[in-house]
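Everything on this sheet refers to the single structure shown next.
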Amino acid sequence: MKIRFLIAAIAAVFVTGSAYSATLDDVMARGNLECGVSTGLVGFASPDAEGEWEGFDVDYCRALAAAIFGDSNAVEFTPVSTKNRFTALAAGEFDILARNTTWTFSRDTDLKQTFLGINFYDGQGFMVRADLGVSSASELDGASVCIQTGTTTELNLADFFRVNGMSYEPVPIEDNAEAKEQFFAQACDAYTTDRSGLASTRAAAENLDDYVVLPEVVSKEPLGPLVRHGDDQWADIGRWVLNALIIAEEKGLTSANVREMASAPTNDPEINRLLGTEGTYADMVGLPNDWAVHMIEQVGNYGEIFERNIGVNTPIGLTRGVNDLWTNGGLIYAPPYR
Amino acid sequence: MTIQIVALAGFMLLISWLISNTIQNLETLGKGVELWFLFEPSSYDINQKLIDYSSRSTHLRAAFVGLINTLIIAVLGCVTATVMGIAIGILRLSNNWIVAKIMTCWVEIFRNVPVLLWIVFTMAVLIESLPRPATFRGDNPESSLLFWDSVAVTNRGTYLPEPLFGNGLGDIGIFGIFEISLDLVAFLTVLFAGIFVSNMIKKRADKKQQATGHRPLVWPYRIAVVVIPPIILLYILGFYLGKPELKGFNFQGGVYLRNSLIALWIALSFYTSAFIAEIVRAGILAVSKGQTEAAYSLGLRPGLTMNLIILPQALRVIIPPLISQFLNLTKNSSLAISVGYMDITGTLGGITLNQTGRELESILLLMLVFLGISLGISAVMNWYNSTVKIKER
Amino acid sequence: MSDHSFVRTEMLGSQAPPMMEGSVLGWIRYNLFSGPLNSLLTIISGLLVVYLLAEILPWVFLSSWTATSLRECREVIPLTYGEGTTGACWAVIRERYLQLFYGFYPRELYWRVNLTFIMMLIALAPILFPKLPRQMLYFSGVYPFLGYWLLWGGTIWTPFLTLAGLIVGYLVFNFLNEKRGLLIGTIVGTLLIIFWFLFGVIPVSVFLSENVTPLAIEIVESEQFGGFTLSVIIGATGIAASLPIGILLALGRKSDLLIVKSLCVGFIEFIRGVPLITLLFVASTLLNYFLPPGTNFDIILRVVIMVTLFAAAYMAEVIRGGLAALPRGQYEAGDALGLDYWKSMRLIVLPQALKISIPGIVSTFIGLFKDTTLVSIIGLLDPIGLSRAIRSDTAWNGIVWELYAFVAAVFFVFCFAMSRYSIYLEKKLETGHR
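Residue numbers (our numbering), protein chains in the order written: chain A, 1 to 338; chain B, 1001 to 1393; chain C, 2001 to 2434.
Encoded structure:
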């Protein structure tokens, strides 16, 4: 009799559930944003000697934090591996994943993620030693190719060689630093990853001219931040933070001049709407009215973030290329803020 | 009795709680538990494959390739670790001071540093210190092949000459899953038949010795039946060694042992050999000194004493902990992903998991496979243990 | 003179003393060159040692401690020691050793980690050295909660209330055990503790810190933990938490109750049959599936849970060995005194069995401590994970040996010391049993 009662009591303890609440409310209540980033990819997300995170993806998270709290430091970074990034996001370990993740159909649908847009257009390429005398990827028949495992890179590589009827020897490697190491030690003939990664790897070489990036781009790699399915308000905030960064560059708003532009309405109504000097657009997503001002002031616009982390004056040394604004012949384009 | 019921009820409750949580969580994510993904094309390549596999094969087959690779490294590692461990354990007890000290250092150094560190360290040594394939190129190359141009040691791997057959028998498919070379089957059959016949000759000689006290000279026949038929068979099949050759980017031909395999093999067997050495040493020390003295007084030399008196007795103490070292080695082989060796953790628990997003199924399957391997090893070793145990009458 | 011709008539001259005694040469001859095979072995191994030292020592000592990048190292070393020298670039260790030890823990709070570590040694002392006063064990009991508070920060109420809940639960168990019997006592005690943990601790500690006094120190997030601190935390917590579970499992495995026994055997064999890395995969990807929707632990806690389960299975086997080594008479003596099961276990069997098991427990701990490096595979920044992060820094890109050598050396010092201790203990126990 007593035992039955006890079992019922135990059962009562365990049968407790809770529903997901709105992410924005959670974030506000917590007082900071939690952001999943790469475990260490220089230029995109890596900790410096002080443990301070920096990089292109990191700055997106900082911009989001600045938009919500007005403080770009109100953010915690969780490094995640390629293996557990989606599960960790799904389990709510962090609010947003900004880990140079390729937007694909199955990730969007089957894995139940919502991609917020594209902040970097990349494509997979090959790098080889210059003294191999290889000028095209179609000459790589029989080569050993270093790849970082657990990414779409692996699949593209298999497809590329199969379609072209060539054989190759995959050398799978768990992380990027190790892959570079092996490539420089010539444990493989070619190194394949996104071309941004190739550029930064080449930049780290002792002698740049020893290595060439082959012209072929074998895949489309649109990278962007993503959130869990099911919270549209949160997805909207993330999406429009990204768009606002792009619009800011388009309209010439920089961290230096945004405060001044926001002090009084300007001639351009889109700037006014964005900076909150006209209308109450920010209310529609639940952000403070001057969110964009804080964000741009503290983090900068898209172009500034790009140049600061991966631009030509950094060790990564990427040119804007397809990641330039559409007005300059690139692909970076944001819907109008109205 | 009530305690048992309460314990059982508590356990069932815990399990059902976990399962109901899982179902609920999967529902929220819109996922189910299913294994159909195993039959979809894997779309990735595996470098080391002993059975036919391409990126069009299924995930299941990829897992199978990985399983074979796991077993390869486990068997290779266990064999070398045992041989090295026994040698080191005995040498540690040697009278030779410097040898004993070196062996002590070996044991302590390998035992007290994490195996993962040894694996990545060995890999780094191989990659950084061995010659690159490019250095074999040109008219006056920096590096050259070893052993009459038949073995190439490079920082990508080692190429050994491979046995080839001019008029071979071809392959035979087994259940349509994988293929086995008939040449190998024929060779092994002849070899084992020879060993069997040789044992028969020995038995007859033993019988004769016991009956007449005179042992006929048989060893030339015994060697002949083991060695000659296989050689004849090899000649008929047109046996020759295929040597590795530098073609294009890499060496072609020959048996290719990748550095990931070699690094893992070396690191695991060195690491485990330190533990086995300790077990062997303890086992030998457990045999009382009187046994050694008795053997000496019978006039046996130290080598024979070790082989005939000490080791057979020490073996009984050694085998149970040895089993758990074999299990540890097999389990540690799952660290292969840190050097890119495609074992089952790398295929099923690595790329397949990443590409399909089926964590629950992949990891549970992976655990089941390892559980199966572990139980298999302990079953075999326990059976062996029961055969060497003292038969008490 | 008799004609006993077999009796010696004159004394032999005295022989030289045996080679072994006294002379260095004799020692060398006996230990190194006692036969042709031995001499050969000695020469080969001597050459090997000389060769290895000649390769390694210059690398270690002709090094740079001051450079700020690998490139600078490669320029400075040939300049200082002559052309063609390739020495170690220890500068990376000088620049990053704090990170390798403390991870990203805030620099001004390092004292908290240090204090926790020192207190751990104090808490361990009475367990490892039985001669110390028994009262110190109370500190060992309180230490886990204190250590948690110091490391993670926040209000002290949470760990305090957790500890208080355990103590109250134990008192209730004791009380009911005497009044109502063992079964009721165990169930009510356990349920009380579970209830308190699930629903009591957090609200009450929030209430107390808001309304009474916060008693809080600065919070440090789990993401900031790393390096050897992380290894020690995972290893030490794993062992400490696995000890009680391991004892229960070992008792269960030895018990006559069929169901309890098979549950315990099943658990132990399952955990011992799978590699730790798969359990860590479970921690990093699956554990969230198994818990109620919305629960979210941080990754270190999840890893600690899985590591604890892992260690518990091994611990159970070690303790089972200890239980088996105990003479049957001890069990029978307990029964003869009329003690119930738990009392005879607690007062007679376990103290002795645990004492015998300490060497095994220490070696399990060494194994676990080494295995904490596996967390680098699931993306935690332990020493190996941190070396990867350091290597991906542009300044240190391409550095290999120095980091591995340093990490290996630190692990070696820790593990070697512990294994020496375990050998010392084994010898001590050995004499006690003869």
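Yeah, the Cβ is synthetic: ideal placement off N, Cα and C, and Gly gets one too.
All values derive from a computational prediction rather than experimental measurement.
| By DSSP, does Val2260(C) sit in helix, in strand, or in coil? | Secondary structure at Val2260(C): helix, using DSSP grouped into helix, strand and coil.
| message | Contact criterion: CB-CB distance below 8 Å. Does Thr78(A) meet it with respect to chain C? | response | True, the Cβ-Cβ gap to chain C drops below 8 Å.
| field | Closest by C-alpha distance to Val1218(B), when choosing among Gln1210(B), Val1227(B), Asp1206(B) | value | Val1218(B) has its Cα closest to that of Asp1206(B), out of Gln1210(B), Val1227(B), Asp1206(B).
| said: Strictly under 8 Å for the Cβ-Cβ distance: is Leu2251(C) near chain B by that measure? | reply: Under the Cβ criterion of 8 Å, Leu2251(C) is not counted among the residues facing chain B.
| field | Host alpha helix (DSSP H) of Ala1286(B) (start-end) | value | Start and end: 1259 to 1286.
| Asp232(A) to Asp290(A), Cα distance in whole Å? | Asp232(A) and Asp290(A): Cα-Cα distance of roughly 22 Å.
| task | With 8 Å as the threshold, decide whether the Cβ of Ile173(A) is near any Cβ in chain B. | result | With 8 Å as the cut-off, Ile173(A) counts as an interface residue toward chain B.
| message | Is the beta carbon of Val2201(C) closer than 8 Å to that of Thr2158(C)? | response | Thr2158(C) is a Cβ neighbour of Val2201(C), given a cutoff of 8 Å.
| task | Compare the beta carbon distance of Leu2276(C) and Phe2297(C) with 8 Å and say whether it is the shorter of the two. | result | Not closer than 8 Å, so no.
| Boundaries (first-last residue) of the beta strand (DSSP E) holding Arg99(A) | Per DSSP, the unbroken beta strand (DSSP E) holding Arg99(A) starts and ends at 96 to 102.
| query | On the three-state DSSP scale, how would you describe Met1367(B)? | reply | Met1367(B) sits in a helix when the DSSP states are folded into three classes.
| request: State yes or no: is the beta carbon of Glu1128(B) nearer than 8 Å to at least one beta carbon in chain A? | output: Output row for Glu1128(B): interface = yes.
| Can a CB atom of chain C be found closer than 8 Å to the CB of Gln1024(B)? | Look at Gln1024(B): its C-beta is under 8 Å from a C-beta on chain C.
| message | For chain C, check one thing: does any of its Cβ atoms lie closer than 8 Å to the Cβ of Tyr1384(B)? | response | Output row for Tyr1384(B): interface = no.
| request: Going by CA-CA distance only, name the one from Ser138(A), Lys251(A), Leu97(A), Asp324(A) that's closest to Ala190(A). | output: It is Ser138(A) whose Cα lies nearest to the Cα of Ala190(A).
| Listed by chain order, chain C residues near Ile1172(B) by CB distance under 7 Å | Residues of chain C with a Cβ closer than 7 Å to the Cβ of Ile1172(B) do not exist, since the nearest Cβ in that chain sits about 34 Å away.
| query | Do the stretch 1322 to 1337 of chain B and the stretch 1363 to 1377 of chain B make contact, defined as three or more Cβ pairs closer than 8 Å? | reply | By the Cβ rule, the stretch 1322 to 1337 of chain B counts as touching the stretch 1363 to 1377 of chain B, because three or more pairs are nearer than 8 Å.
| task | Measuring only between beta-carbons, confirm whether Ala1957(C) sits less than 8 Å from chain B. | result | No information on residue 1957(C) is available, as it lies outside the stretch 2001 to 2434 that chain C covers here.
| field | Three-way DSSP call (helix, strand, coil) for Ser1181(B) in this model | value | Here DSSP, grouped into helix, strand and coil, assigns Ser1181(B) to strand.
| message | In whole angstroms, give me the CA-to-CA distance for Ile246(A) and Glu2223(C). | response | In this structure, the CA atom of Ile246(A) is about 31 Å from the CA atom of Glu2223(C).
| With respect to the beta strand (DSSP E) encompassing Arg228(A), which residues constitute its N-terminal and C-terminal limits? | Segment 221 to 228, the beta strand (DSSP E) holding Arg228(A).
| request: Would you list, in sequence order, the uninterrupted beta strand (DSSP E) runs of no fewer than 3 residues that lie entirely inside the stretch 2377 to 2410 of chain C? | output: Counting only runs of at least 3 residues, the stretch 2377 to 2410 of chain C fully encloses no beta strand (DSSP E) element at all.
| query | With 8 Å set as the bound, which would you pick, yes or no: does the beta-carbon of Ile2277(C) sit closer than that to a beta-carbon of chain B? | reply | Residue contact check for Ile2277(C) against chain B: a CB pair falls below 8 Å.
| request: Kindly confirm or deny that the stretch 2277 to 2297 of chain C and the stretch 87 to 99 of chain A touch, where touching means at least three C-beta pairs closer than 8 Å. | output: With a cut-off of 8 Å, the stretch 87 to 99 of chain A and the stretch 2277 to 2297 of chain C count as touching, because enough Cβ pairs lie within range.
| message | If we define contact as Cβ-Cβ less than 8 Å, is Tyr2424(C) a contact residue for chain B? | response | Under the Cβ distance rule, Tyr2424(C) does not count among the residues neighbouring chain B, no pair being separated by less than 8 Å.
| request: Decide if His1238(B) is buried, meaning its Cβ has at least 16 other Cβ atoms within 10 Å, or exposed. | output: One point to set straight first is that residue 1238(B) is Gly, not His, in the sequence displayed. By the neighbour-count rule (16 or more Cβ atoms within 10 Å), Gly1238(B) is not buried but exposed.
| request: Following the continuous beta strand (DSSP E) through Asn1250(B), name the residue where it begins and the one where it ends. | output: Looking at the DSSP string, the run of the beta strand (DSSP E) that includes Asn1250(B) is 1250 to 1252.
| request: Name the residue from Glu1027(B), Leu1371(B), Val1083(B), Ala1081(B) whose alpha carbon lies nearest to the alpha carbon of Glu2269(C). | output: Of the candidates Glu1027(B), Leu1371(B), Val1083(B), Ala1081(B), the one whose C-alpha sits nearest the C-alpha of Glu2269(C) is Leu1371(B).
| query | For Ile2093(C), which residues of its own chain have a beta-carbon under 7 Å away from its beta-carbon, when the five flanking residues on both sides are left out? | reply | The residues are Glu2402, Phe2406.
| query | Does Leu2032(C) have its Cβ less than 8 Å from a Cβ in chain B? | reply | Interface criterion met: the Cβ of Leu2032(C) is under 8 Å from a Cβ in chain B.
| task | Hey, could you find the ends of the alpha helix (DSSP H) Ile2193(C) is sitting in? | result | Unbroken alpha helix (DSSP H) run through Ile2193(C): 2182 to 2195.
| query | Is it buried or exposed for His1059(B), if we count other Cβ within 10 angstroms and need 16 for buried? | reply | By the neighbour-count rule (16 or more Cβ atoms within 10 Å), His1059(B) is buried.
| said: Check for me: the alpha helix (DSSP H) holding Arg129(A) runs from which residue to which? | reply: That residue, Arg129(A), is in no alpha helix (DSSP H); its beta strand (DSSP E) goes 124 to 129.
| field | Residues near Leu2025(C) in its chain [Cβ-Cβ closer than 7 Å; skip 5 each side] | value | Excluding residues up to 5 positions away in sequence, nothing lies with its Cβ nearer than 7 Å to the Cβ of Leu2025(C) in the same chain.
| Residue from Gly70(A), Lys83(A), Cys61(A) whose Cα sits closest to the Cα of Glu76(A) | Residue nearest to Glu76(A) within the set Gly70(A), Lys83(A), Cys61(A) is Cys61(A) (criterion: CA-CA distance).
| said: Counting only Cβ pairs nearer than 9 Å, list the residues of chain B close to Ser144(A). | reply: Asn1047, Pro1133, Arg1156, Phe1249, Asn1250, listed in chain order.
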